[in-house]
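Residue numbers (my numbering): 1396 to 1449.
Glycine residues also receive a C-beta, built at the ideal position from the N, C-alpha and C atoms.
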């Protein structure tokens, strides 16, 4: 597992892309799932922002 070399322990990871495949969705993105099941439009404004800059 990739986490062994990094000394990380991942808990409760959820793959929304895999969930979309299981649900036989037309698309596999988180944005699509939010729109279809939660009626939420995700804001992509800061998607490419450098979060190190404060």
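Heavy atom of the ligand ZN less than 7 Å from the Cβ of residue 1412, yes or no? The ligand content of the structure shown is nil, which means the ligand ZN is not present either.
Any chance you could list the beta strand (DSSP E) runs of at least 3 consecutive residues sitting entirely within the region 1409-1437, in chain order? none
In whole angstroms, what is the alpha-carbon distance linking residue 1438 and residue 1447? 20 Å
Is residue 1428 buried or exposed, if buried means 16 or more other CB atoms sit within 10 Å of its CB? buried
I believe residue 1416 touches residue 1409 by the beta-carbon criterion, under 8 Å. Please report the beta-carbon distance rounded to the nearest angstrom. At roughly 13 Å, the Cβ-Cβ gap does not stay under 8 Å, so residue 1416 and residue 1409 are not in contact.
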